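Undergrad:
Protein chains in written order, with full-length UniProt numbering: chain A, 1 to 475; chain B, 1 to 291; chain C, 1 to 400.
Here it is, written out as structure tokens:
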């Protein structure tokens, strides 16, 4: 018999998913040299601390005032036996980010020691001491102080400008070449082959459905990657970004003493609406809500957004969708996966249909993303509804959620497994022996006795081949 | 306590600091109060450091009244950074210290300090927590707790207020933690037990911050993972209304549930006259037991 | 028939139009936001109109709950069906009932096929009741209920109980008909004479005989509109009713189990003993537990009635749960917001234009927002202002 091995096509993951790393993953991918450098900024220490798993945070707190290494066994004894898994995860996270490192204690046992700079600067952030952060010079009271509602409106307008540009509204005013470059770099948009104009990609559609905080974070991540090309130190930028994120909304800060690079950076942030400046040389700026808490992207819930942008979508169990919004952007977003029926000044009515959802799937959006988007932007009234005092897990009608998932799985009727074909067996007996062996090993994907053909999974192939060689030799 | 396992998105902490000048550790050395206060503030800031959405309130409980030390009502103080400390933390420290001085200054001179009215401060704390929950978006999971740091002793006089507060806290799933600086507090310990909080009597005031950070910083869902001091046994005997003595067997008025240590023909609380002569339903059985 | 109708209110369809829209008025800016907020406040306040009941309440309650299990329960006007909805709410009710009335007892009766059947005995065991309720899920709903048989059954069960306890029956009635062996009026008279308070929650429509039953025996009659209304009607029955006339007062002997703090040599494990509440099932062997102070029998949970010596065992918090009925907070005064105070004393929320009304406690003269006011009067029962003033807080009554 001949044994021919052919590979079935291995098209495993057809739709590319948008990668959104959180701070932890972002830092993990950088060198320890870079991290060492970062931990000289108290703000970064604070931000890194907040991103750590719960247990890891408590480990740090307990070790914060200890100077010498602490035996690893002691640290392990702080956690109950049943949660050893969480403990390992916490220890791993701390090591990955070089927050602590192994150090032997006098008895020879392995111990943990917090990184010197991290410890010092976290203490500074928590208890005081050290130098003030760069932007906190005292300022004369601003004659034309801006209140929070103004800042919210400004931030929203600027950010929507970027998003608008992405959805292809042809207006290019209000968006700079730099921003376009970042969008292109991030793969959210691509140059059209014919006329060279920027068009949105599949990843871009997915980007649009993310929460604003996630969008900002993703965008900034790509900004930092391109920053080095523009002679900006990404460590310095990151430190400044976190300074912003820990500032107070509605307060003004001074640009005094900021380096030229940072002033350039500030101008970029101003363009995206992360800070507000009346004039380029005003000497002061106001951070907006977008800049605040840029790290809390990991949580699934709606971030600290202004009240009026909180939620505007009502979904009914008959697949009707009401969007209480005036923003054309939000209407355009809804239009990605719904069939819009009526439009009023502050309300759009649409219906979720199979066609409209499939349209979105073709654009690379997944069912999970649609559902998440609807959940995140659901109207406060939807969150309140209770049926007979029994709260359901999702705020959306279960029928709609299930149906959207079904529509997606309807497109994915094929599952692909890699495998090796065995055929042209010389005798039925040979076939049966090999088939039964493969079945016993649990590596048999498919077989047909009449044509004496069988398919073995990729991982089982070597084993089956060896067995066949042994078998054919002995017989 | 149903969804203990799921970590919360935000946690609210109300710290009640007993500033009553007749606590023993203050009368012995008034300077210690500053040290304790610093520890409490550092602890409060550590709580805010845990998550960006965490909320904090500090209530000062003096003998003549209780008042919010943080947040200050109305507009917050205008604070600029003076050193590398996070601006919000500086604000907390400054506000608490300033308002505490005001609170202590406002104490009536002619009055002798009485007991600390912690139950009132607890009630304020519960109102604050329910406000935070009201204002947060309904999708946010919020865990809340109240920490009492006190060196006073608890007396039965506030019993009703304490119990009402404990039951409300239990219903609203607010943990009550107690950190006692001096005496054993059996009433407050009951509160911890009812609400599922922790009770700790610190052996020494030095290193108070360490005790606070180790034991009280983890929130409810995290406590399950850590090895923390156990609950201990709680004394749940009732005190009679007539002599305030703890009873193991007592008589209870069927109308108002007042407790008495001896049989009396009339209830002093609701003035109900009891039927005398009619044998109590359980008596015959009891006699059988004794034979 | 008309002469014993207490409320001579005209029927809903006979009243004139309610011009609800006329109440809405725009403010200077043409907005209705402030007004809507005011309506919401009023509605919320109305929902918890304080029960300023008499101080003497029936604290030790004996309540029988009769559940209609007839064909009428399978109707789907409550989702998923009347019966399933009832069971779900009943579980919640049982929990809430024992939370509010820790020293009370509860029993369950089913009504089907013209019979009334006792499914749990009167007891204070929450777990047992809930287990039985959950066990009813797959019950076949057949036949017609019999109101009279149910009432007779309740009469038999409740009659021998001591006079100091309140005796109550709550009927969850879905059927519009009842199949009775005799004259139901005499049964109602008997119940009335015994001072047994009967309440009915109707799941379909108002039935005259139920109304008469409730009127005669001093109970409440309600007909549900939807599941939310059902829930609120049911939960109303968790707070103790005003004490009926016929109730005798009595002093009840009670034990408060107390275990001494563990001795210094804590190495010695407590001896292994069997818990009395689990003795039937042959489990519950362990060290910890509450010992009856009279006969040293062990119980794993309180409150309980000692099986050996009959002593009621409780812990102090069980009694304290109802003290707020005895020492209620004085109602706050509603004032127009004229800037008397900038913020709420209890929660430091700043008052805004939306707060048309603010509330003042007349003892401590502090101002509160409407949310705190409703929380204080409905659940907290402590005025934060008074409780932190040395001269105003609520003490235990003095011995004098």
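Quick reminder that beta carbons are idealized off the backbone N, C-alpha and C, glycines included.
From a predicted model like this one, the values you see are computed outputs, not experimental measurements.
Counting only Cβ-Cβ distances shorter than 8 Å, please list the residues of the segment 377–389 of chain C near chain B, keeping chain order.
TA: Result list: 379, 380, 381, 382, 383, 384, 385, 386, 387, 388, 389.
Undergrad: If the cut is a Cβ gap below 8 Å, which residues of chain A does residue 83(B) touch?
TA: 124, 128, 129, 130, 131, 132, listed in chain order.
Undergrad: Should residue 369(A) go down as buried or exposed, given a rule of 16 or more other Cβ atoms within 10 Å for buried?
TA: That one is buried.
Undergrad: Work out the CA separation of residue 379(A) and residue 298(A) for me, nearest whole Å.
TA: The predicted position of residue 298(A) is uncertain, since its pLDDT is 45 and thus under 50; a value taken from the coordinates is nonetheless stated next. Rounded to the nearest angstrom, the two C-alpha atoms are 22 Å apart.
Undergrad: Consider the Cβ of residue 236(B): report whether some Cβ of chain C lies at a distance smaller than 8 Å.
TA: Chain C, which has a Cβ nearer than 8 Å to the Cβ of residue 236(B), makes this yes.
Undergrad: Do you know how far the Cα of residue 224(A) is from the Cα of residue 232(A)?
TA: Roughly 9 Å between the two C-alpha positions.
Undergrad: Taking residue 321(C) as the query, report the chain B residues whose CB atoms sit under 7 Å from its CB, ordered along the chain.
TA: The answer, in chain order, is 167.
Undergrad: Could you tell me which of 99(B), 155(B), 143(B), 82(B) sits nearest to residue 130(A), measuring between CA atoms?
TA: Among 99(B), 155(B), 143(B), 82(B), the Cα nearest to that of residue 130(A) is on 82(B).
Undergrad: For residue 29(A), count neighbouring Cβ atoms within 10 angstroms of its own Cβ and tell me buried if that reaches 16, exposed if not.
TA: Answer is exposed; the Cβ neighbour count stays below 16.
Undergrad: So, for residue 381(A): in the same chain, excluding its five sequence neighbours on each side, which residues have a beta-carbon less than 8 Å away from its beta-carbon?
TA: Excluding positions up to five away in sequence, the list reads 314.
Undergrad: Under 8 Å between beta-carbons, which chain C residues line up against residue 196(B)? List them in chain order, please.
TA: By Cβ distance, chain C contributes nothing, its closest Cβ being about 14 Å from residue 196(B), past 8 Å.
Undergrad: Output needed in chain order: residues of the segment 247–272 of chain A with a Cβ under 9 Å from some Cβ in chain B.
TA: For the segment 247–272 of chain A, which is checked against every Cβ of chain B, the residues closer than 9 Å are 247, 248, 251.
Undergrad: Going by beta-carbon coordinates alone, are residue 97(A) and residue 48(A) separated by less than 8 Å?
TA: Yes, these two residues count as a Cβ contact at 8 Å.
Undergrad: Taking C-beta to C-beta, are residue 221(B) and residue 144(B) nearer than 8 Å?
TA: Cβ distance not < 8 Å, so residue 221(B) and residue 144(B) don't count as in contact.
Undergrad: Run through the DSSP bridge pairs and tell me what residue 101(A) is partnered with.
TA: DSSP lists 113(A) as partners of residue 101(A).
Undergrad: Comparing C-alpha positions only, which one of 261(B), 23(B), 266(B), 265(B) sits nearest to residue 113(B)?
TA: Among 261(B), 23(B), 266(B), 265(B), the Cα nearest to that of residue 113(B) is on 23(B).
Undergrad: Along the beta strand (DSSP E) that carries residue 458(A), what are the first and last residues, could you check?
TA: Element bounds for residue 458(A): n/a, residue is neither H nor E.
Undergrad: Any beta-carbon of chain C closer than 8 Å to the one on residue 249(B)?
TA: Judged by the 8 Å Cβ criterion, residue 249(B) is in contact with chain C.
Undergrad: Residues of chain C with a CB under 8 Å from the CB of residue 73(B): which are they?
TA: Within chain C, the residues near residue 73(B) are 342, 343, 348, 350.
Undergrad: Below 7 Å CB to CB, which residues in the same chain sit around residue 183(B) once its five sequence neighbours on both sides are set aside?
TA: Counting only Cβ-Cβ distances below 7 Å, and skipping sequence neighbours, we find 153.
Undergrad: Can you tell me which of the three DSSP states residue 14(C) falls into?
TA: It is helical.
Undergrad: Along the segment 348–370 of chain A, where does the CB come closer than 7 Å to a CB of chain B? Name the residues.
TA: Per Cβ criterion, the list is empty.
Undergrad: Roughly how many angstroms lie between the CA atoms of residue 366(C) and residue 214(B), to the nearest whole one?
TA: Cα-Cα distance, rounded: 38 Å.
Undergrad: Would you kindly work out how many angstroms separate the C-alpha atoms of residue 196(B) and residue 175(B), rounded to a whole number?
TA: Distance between the alpha carbons of residue 196(B) and residue 175(B) is about 6 Å.
Undergrad: With a threshold of 8 Å between beta-carbons, can residue 299(A) be considered close to chain B, or not?
TA: Interpretation of residue 299(A) is limited by its pLDDT of 43, a score under 50 that renders its predicted location unreliable; the figure taken from the coordinates is listed afterwards. Interface residue, yes.
Undergrad: My guess is that residue 151(B) and residue 25(B) are in contact by the Cβ rule of under 8 Å, so how many angstroms apart are they, rounded?
TA: With a Cβ gap of about 5 Å, residue 151(B) and residue 25(B) count as contacting.
Undergrad: Spatial neighbours of residue 238(C) within its chain, please: CB distance less than 6 Å, with the 5 preceding and 5 following residues excluded, ordered by chain position.
TA: If we look at residue 238(C) and ignore the five residues flanking it on each side, its Cβ neighbours are 96, 97, 100.
Undergrad: Under the three-state reduction of DSSP, which class applies to residue 200(B): helix, strand or coil?
TA: Strand, per DSSP.
Undergrad: From the DSSP output, in three-state form, read off residue 40(A) for me.
TA: Note: residue 40(A) maps to coil in three-state DSSP.
Undergrad: Among 127(A), 435(A), 235(A), whose alpha-carbon lies nearest the alpha-carbon of residue 464(A)?
TA: Closest option to residue 464(A), Cα to Cα, is 435(A).
Undergrad: Chain E partners of residue 80(A), CB-CB under 8 Å?
TA: In summary, chain E is missing from the structure at hand, where the protein chains are A, B and C.
Undergrad: Mind listing, in chain order, the continuous alpha helix (DSSP H) runs of no fewer than 4 residues lying wholly within the UniProt domain "VWFA" (62–213) of chain C?
TA: If we require 4 residues or more, the alpha helix (DSSP H) runs fully inside the UniProt domain "VWFA" (62–213) of chain C come out as 82–100, 126–135, 147–158, 184–194.
Undergrad: I'd like to know if residue 316(C) contacts chain B, where contact means its C-beta is closer than 8 Å to some C-beta of that chain.
TA: Chain B, which has a Cβ nearer than 8 Å to the Cβ of residue 316(C), makes this yes.
Undergrad: Where residue 461(A) and residue 132(C) are concerned, what is the direct C-alpha to C-alpha distance, given to the nearest angstrom?
TA: For residue 461(A) and residue 132(C), the distance between alpha carbons rounds to 57 Å.
Undergrad: Along chain B, in chain order, which residues have C-beta atoms closer than 8 Å to that of residue 18(C)?
TA: Correct list: empty, because the minimum Cβ distance to chain B is about 31 Å.
Undergrad: How far does the beta strand (DSSP E) with residue 344(A) in it reach, from first residue to last?
TA: Looking at the DSSP string, the run of the beta strand (DSSP E) that includes residue 344(A) is 339–344.
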